[in-house]
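J.:
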Amino acid sequence: MSHSRFLMCPPLHFGVEYIINPWMESQLHATDAKVADWQWSRLHALLSERAEVTSLAAVAGLPDLVFTANAALIYHETAILSNFRCPERQPESPHFAKWLRADGFAIRTLPADVPFEGAGDALFDRNQALLWFGHGMRSDIAAKTYLEQFVDVEVQPLRLQDARFYHLDTCFCPLEGGYLLYYPPAFDEAGNSAIEARVPWNRRLALSCEDALNFACNTVNIGKSVILNHASRELVARLNEYGFEVITTVLTEFIRAGGAAKCLSLRLNEA
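Throughout the sequence shown, residue numbering follows numbering that gives the first Met the number 0, covering 0 to 270 in sequence.
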């Protein structure tokens with residue numbers, strides 16, 4: 000078993016109860032609780048086979064609490080708490096903070112007027128001392144200054160420009176060994192230039208639109224395993240070529256709300 004450790008939250012109160020991203024449009028009250036529970040349990044089992052998984056209790060009235068990646072950015076023993084941009088999600092923060100504090104993390108916060116959405120928008124590179132920071136949709140570029148104070152690595156901002164890919168982890172996934180899954184059209188020209196400058200061409204895996212829309216970037220990477228909702232045969236072959244084991248597990252109920260494997264889990268031992 001890997002030394003990796005993750006936080007998940009069961010989908011007891013999950014559903015599409017409001018619309019705060021394009022995936023939720025036309026999906027109001029369309030989720031199936033039994034299917035969601037089965038899909039989440041399957042993901043939980045796959046992660047538990049490879050890592051330690053701990054749980055946050057579900058809370059009535061907070062349907063997106065299940066997306067624990069948005070709780071905070073974890074750096075060593077510090078949790079940099081999210082400031083949710085959307086009012087619908089703001090009540091989640093006290094629950095995340097209480098759990099993280101009880102688990103031994105020192106809580107750091109940004110000013111209330113600086114939106115920042117945790118490990119949904121801030122991802123550590125797996126091969127260099129670098130934090131990739133997505134902004135322009137949910138997190139504000141102003142958060143970069145605070146992140147630089149809280150983490151002892153360089154912060155590389157990437158502007159998101161497609162509303163379907165509203166968090167960095169929906170279109171960008173650093174992998175072990177310095178490999179990268181990403182969807183170039185989700186980023187502006189400056190962002191793509193930064194990615195190309197920092198990640199060698201033979202370690203960049205640019206996704207097709209089909210794979211991106213199936214949330215192939217929203218992957219949990221544990222060692223040489225990548226766990227995701229769906230990948231095309233071409234993407235599976237490319238990942239296999241780089242030495243990765245591809246494990247697909249259907250997460251379609253959660254995609255209705257704009258999340259998949261990575262969104263449903265928060266890695267608790269980062270950097």
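Here a beta-carbon is modelled for each residue, glycine too, at the ideal position from N, C-alpha and C.
Comparing C-alpha positions only, which one of R125, P86, E240, G177 sits nearest to Y17?
T.: P86
J.: Is the distance from the Cβ of G176 to the Cβ of G242 below 9 Å?
T.: yes
J.: I need the boundaries of the beta strand (DSSP E) containing N220, first residue and last residue.
T.: 219–221
J.: Consult DSSP for F95 and reduce its assignment to one of helix, strand or coil.
T.: helix
J.: Mind the definition here: the stretch 33–46 touches the stretch 81–95 only if three or more C-beta pairs lie below 8 Å; say whether that holds.
T.: no
J.: Compare the beta carbon distance of A71 and I106 with 9 Å and say whether it is the shorter of the two.
T.: yes
J.: In chain order, what residues of the same chain lie with their CB nearer than 6 Å to the CB of C172, ignoring the 5 residues before and after it?
T.: L180, C216, T218
J.: Compare the C-alpha of D151 against each of A260, G135, A128 and name the closest.
T.: A128
J.: Using a Cβ-Cβ cutoff of less than 6 Å, which residues in the same chain neighbour R203 once the five nearest sequence positions on both sides are dropped?
T.: L179
J.: Could you tell me whether the Cβ atoms of F104 and I73 are closer together than 9 Å?
T.: The answer is yes: Cβ separation under 9 Å.
J.: Between P21 and the rest of its own chain, which residues show a CB-CB distance below 6 Å, the 5 nearest in sequence each way excluded?
T.: A162, R163
J.: Excluding sequence positions up to five away, which residues of its chain have a Cβ less than 7 Å from the Cβ of T338?
T.: Nothing can be reported for residue 338, as the shown portion of the chain is limited to 0 through 270.
J.: For P10, tell me which candidate among E24, S47, L27, D63 has the shortest Cα-Cα distance.
T.: D63
J.: Between which two residues does the alpha helix (DSSP H) containing S47 stretch?
T.: 32–47
J.: Roughly how many angstroms separate the alpha carbons of K143 and S47, rounded to a whole number?
T.: 33 Å
J.: With C-beta atoms as the reference, is N228 less than 9 Å away from N239?
T.: In terms of Cβ geometry, N228 and N239 do not form a close pair [threshold 9 Å].
J.: Suppose the cutoff is 8 Å on Cβ atoms and the five residues either side in sequence are ignored; what does the same chain contact list for M0 look like?
T.: Below a pLDDT of 50, predicted positions are generally treated as unreliable, and M0, at 44, falls in that range; the measurement from the model is reported next regardless. The answer, listed in chain order, is E48, R49, A50, E51.
J.: Assuming F132 contacts L146 (C-beta within less than 8 Å), just tell me the rounded distance between them.
T.: 6 Å
J.: Look up L122 in the DSSP assignment and give the residues it is bridged to.
T.: W131
J.: Alpha carbon to alpha carbon, what distance is there between L130 and L263?
T.: 20 Å
J.: If I measure Cβ to Cβ from Q38 and keep anything under 8 Å in the same chain, skipping five residues before and after, which residues do I get?
T.: Result list for Q38: T248, V249, L250, T251, E252, F253, in chain order.
J.: Under the three-state reduction of DSSP, which class applies to R201: helix, strand or coil?
T.: The sequence shown places Asn at residue 201, rather than the Arg named in the question. Look at N201 here: in three-state DSSP terms it is helix.
J.: State the CB to CB distance for the pair L42 and A260, rounded to an integer number of angstroms; the pair is presumed to be in contact (CB under 8 Å).
T.: 6 Å
J.: Mind listing, in chain order, the continuous beta strand (DSSP E) runs of no fewer than 3 residues lying wholly within the stretch 61–109?
T.: 71–74, 77–80, 105–107
J.: Going by DSSP, what residue range makes up the beta strand (DSSP E) through Q155?
T.: 153–158
J.: Tell me L273's beta-bridge partners as DSSP assigns them.
T.: The question about residue 273 has no answer, for the chain in this structure spans 0 to 270.
J.: Whole angstroms is fine: what's the gap from R67's alpha carbon to R137's?
T.: A quick correction: the sequence has Thr, not Arg, at residue 67. If you take the alpha carbons of T67 and R137, they lie about 16 Å apart.
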